[in-house]
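See structure below.
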Amino acid sequence: MAHEFITILHTNDLHSHIEHWPRIANWLKTRRAFLQAQGHFVLTFDIGDFIDRSDANTQASWGKANTDLLNDAGYDAVTIGNNEGLALPHDRMEDLYSQRKFAVLLDNILENNRQLPDWAEAYRIFVTPAGTRISAFGLTAAYESTYPLNDWLPVQPLDVLPSLMQRVIAQSDIRILLSHLGLPTDQALADHFNELSVILGAHTHHLLPHGQRVNQSILAAAGKYGENVGEVTLEIDNHAIVAQDAHTIKFEDLPEVASEGSFISNWQRTGRELLTDQAMAFLPAERSRKQQVNDCAEALMVNFHTQIAMLSTGMFLEDLAEGPLNAFSLLTDMPHTINPMKIDIDGSVLLKLFDEVQSQRDHLFNLHINGSGFRGDTFGEMLFFGIQKADVDPDAHYEIASLDHYYFLPWFHSLQSAEVSFDFHGILRELMADYYWAHYAFKEIY
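Encoded structure:
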């Protein structure tokens, strides 16, 4: 009877928090070597949202510098999150993993011809020295309203998993799902599919310090931002799991790395220098945060050919200095991955939206926000441009230029009764780069 141990090292939702990376990478490599010396079969997986375009080096390299990190740390496979599949333009996503030394496991985001991208595999089989077959496969949150705008075809997990499970059950003894779907979905899938051995989770930033047993599956997840790493150990007899353990380790408990300070500084400097070299415009005068709100409202209205805009002041973090405007200045001022959005709304619903904004104004002004693409500090004040509540005709129809961030927040329920359309031709700072180029294209220095 073959007796062996399989250990899975896993990370998720790093979001380019590179300040944690040197210790994580060192731990992954040294832990793998230690366990292999003990006779364990070791696999290393990342479960998506490894990148975040709020980081200068990630932005400058379109995530390819992050791929280099995954290569260096010796990952066996990864899946993607929305910060790969949605925050990157389609062509940049196609190129993200061109230099990879690992598998990208993903079976539910397709090209428009309904085929997997060239860089993706539905699953991969790993075989231990004792002959135990391990199938690993990946799924990500399939946003049906946005992936098609980025020229991808999303497929819901339950439309993929039954046939995928049939294939991997026939070829493997142990089945591992790399799931960028969120904890509630992981729990539901574990209940539904008895043959799932391990679900490595992400997306909802959940931390399972000791794993979670659901039906026949062990669920594991390591929170967010590299604040924890995860380890799952499976004890195997005759190719079947007889015992299992899952736990996480806090970043603070990982061994320090002598070069971590210089690594982080070099990473940040590289991104800063690359983006600083990308000139965008020449501002004849400083643009304050307040002025930028007005500029953005104008840019949005021009983009959507509307006379009305809705925008929050918290989108802008810094004043823009007089003189050359570069990509690094725009990134630090607008680090978000937020897209323009057009709202088609009846007047009666718009009146309700005005009421929602007014009733929550004080609550939202200093409210710290994170998620739905926002990478700033506080929400700020929501402003309307081109219209006041007193001007709204409840029987009329209105078109409003805005940002998709507001649609995904829980405070503006009226937007769910409106028709919205998202513009994936560029995120907020790219819209503003085009705006400032159109108005201040180095006229003062040519």
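The sequence shown begins at 1 in UniProt numbering and counts up one residue at a time. C-beta atoms are modelled at their ideal positions from N, C-alpha and C, and glycine is treated no differently. Just so we're clear, the structure is a prediction, and the values are computed from it rather than from any experiment.
Output yes or no for whether 7 Å exceeds the beta carbon distance between residue i and residue j.
{"i": "Tyr225", "j": "His17", "result": "yes"}
{"i": "Glu144", "j": "Arg175", "result": "no"}
{"i": "Asp253", "j": "Leu164", "result": "no"}
{"i": "Ile204", "j": "Leu219", "result": "Here residue 204 is Thr; the residue named in the question, Ile, does not match the sequence. No, they are not a contact pair."}
{"i": "Leu353", "j": "Ala56", "result": "no"}
{"i": "Leu364", "j": "Phe379", "result": "yes"}
{"i": "Leu189", "j": "Gly138", "result": "no"}
{"i": "Thr7", "j": "Leu28", "result": "no"}
{"i": "Met280", "j": "Arg429", "result": "no"}
{"i": "Leu149", "j": "Ala299", "result": "no"}
{"i": "Ala136", "j": "Ala77", "result": "yes"}
{"i": "Leu10", "j": "Gly230", "result": "With the sequence shown as reference, residue 10 is identified as His, and Leu is not the correct amino acid for it. In contact: His10 and Gly230 (Cβ atoms closer than 7 Å)."}
{"i": "Gly373", "j": "Thr337", "result": "yes"}
{"i": "Ile199", "j": "Asp191", "result": "no"}
{"i": "Glu235", "j": "Ala243", "result": "yes"}
{"i": "Ala202", "j": "Ile51", "result": "no"}
{"i": "Gly223", "j": "Ala246", "result": "no"}
Applying the 10 Å Cβ sphere with the 16-neighbour rule, what's the burial state of residue i?
{"i": "Ile125", "result": "exposed"}
{"i": "Asn12", "result": "buried"}
{"i": "Ser312", "result": "buried"}
{"i": "Glu273", "result": "exposed"}
{"i": "Phe41", "result": "buried"}
{"i": "Gly261", "result": "exposed"}
{"i": "Gln59", "result": "buried"}
{"i": "His425", "result": "exposed"}
{"i": "Pro22", "result": "buried"}
{"i": "Glu322", "result": "exposed"}
{"i": "Ser359", "result": "exposed"}
{"i": "Gly39", "result": "exposed"}
{"i": "Glu419", "result": "exposed"}
{"i": "Phe316", "result": "buried"}
{"i": "Val392", "result": "buried"}
{"i": "Ile169", "result": "exposed"}
{"i": "residue 475", "result": "An answer regarding residue 475 cannot be provided, because it is not within the stretch 1 to 446 covered by the chain."}
{"i": "Glu84", "result": "buried"}
{"i": "Val127", "result": "exposed"}
{"i": "Phe34", "result": "exposed"}
{"i": "Thr132", "result": "buried"}
{"i": "Asp346", "result": "buried"}
{"i": "Ser98", "result": "exposed"}
{"i": "Ser329", "result": "buried"}
{"i": "Gln307", "result": "exposed"}
{"i": "Glu444", "result": "Legend: pLDDT at Glu444 = 44, less than 50; position of this residue unreliable, no value from coordinates given."}
{"i": "Thr140", "result": "buried"}
Is residue i helix, strand or coil when you go by DSSP?
{"i": "Gly201", "result": "strand"}
{"i": "residue 461", "result": "Examination of residue 461 is not possible in this model, given that the chain is present from 1 through 446 alone."}
{"i": "Arg272", "result": "helix"}
{"i": "Glu4", "result": "strand"}
{"i": "Arg100", "result": "coil"}
{"i": "Asp245", "result": "strand"}
{"i": "Leu28", "result": "helix"}
{"i": "Asp149", "result": "Looking at the sequence provided, one finds Leu at residue 149 rather than Asp. It is helical."}
{"i": "Ile445", "result": "Note on Ile445: pLDDT 41, under 50, position unreliable in the model; no value is reported."}
{"i": "Val214", "result": "strand"}
{"i": "Leu428", "result": "helix"}
{"i": "His206", "result": "coil"}
{"i": "Leu35", "result": "helix"}
{"i": "Pro129", "result": "coil"}
{"i": "Phe193", "result": "coil"}
{"i": "Phe412", "result": "coil"}
{"i": "Glu256", "result": "coil"}
{"i": "Pro117", "result": "coil"}
{"i": "His20", "result": "helix"}
Using the DSSP secondary-structure output, state which residues sit across from residue i in a beta bridge.
{"i": "Arg287", "result": "Leu320"}
{"i": "residue 457", "result": "Since the displayed the chain opens at 1 and closes at 446, residue 457 lies outside it and no answer follows."}
{"i": "Met310", "result": "Phe384"}
{"i": "Glu419", "result": "Asp344"}
{"i": "Thr402", "result": "In the sequence as presented, Thr is not what sits at residue 402; that position holds Ser. In the DSSP output, where bridge partners are listed per residue, Ser402 has Met341."}
{"i": "Val293", "result": "Answer is none; Val293 lacks a bridge partner."}
{"i": "Asn228", "result": "Lys250"}
{"i": "His10", "result": "Phe45, Gly230"}
{"i": "Asp237", "result": "His3, Ala240"}
{"i": "Asn266", "result": "None, per the DSSP bridge assignment."}
{"i": "Phe303", "result": "Inspection of the sequence shows that residue 303 is occupied by Asn rather than by Phe. In DSSP, Asn303 forms no bridge with anything."}
{"i": "Phe282", "result": "Pro324"}
{"i": "Ala222", "result": "Leu207"}
{"i": "Leu110", "result": "Leu153"}
For residue i and chain B, any beta-carbon pair shorter than 7 Å?
{"i": "Gly261", "result": "Given the protein chain composition of this structure (a single chain), no chain B is represented."}
Self-check item: Secondary structure, alpha helix (DSSP H): runs of 4+ residues fully inside the segment 329-399
Solution: Within the segment 329-399, complete alpha helix (DSSP H) segments of at least 4 residues are found at 347-359, 361-365, given in chain order.
Quiz item: Quick one: complete beta strand (DSSP E) runs, 3+ long, within the segment 154-188?
Solution: For the segment 154-188, whole beta strand (DSSP E) runs of length 3 or above, ordered along the chain, are 174-180.
Quiz item: Where in the segment 52-89 do unbroken runs of the alpha helix (DSSP H), each at least 4 residues long, occur, reported from the N-terminal end onward?
Solution: Uninterrupted alpha helix (DSSP H) stretches at least 4 residues long and entirely within the segment 52-89 occur at 56-61, 64-73, 82-85, given in chain order.
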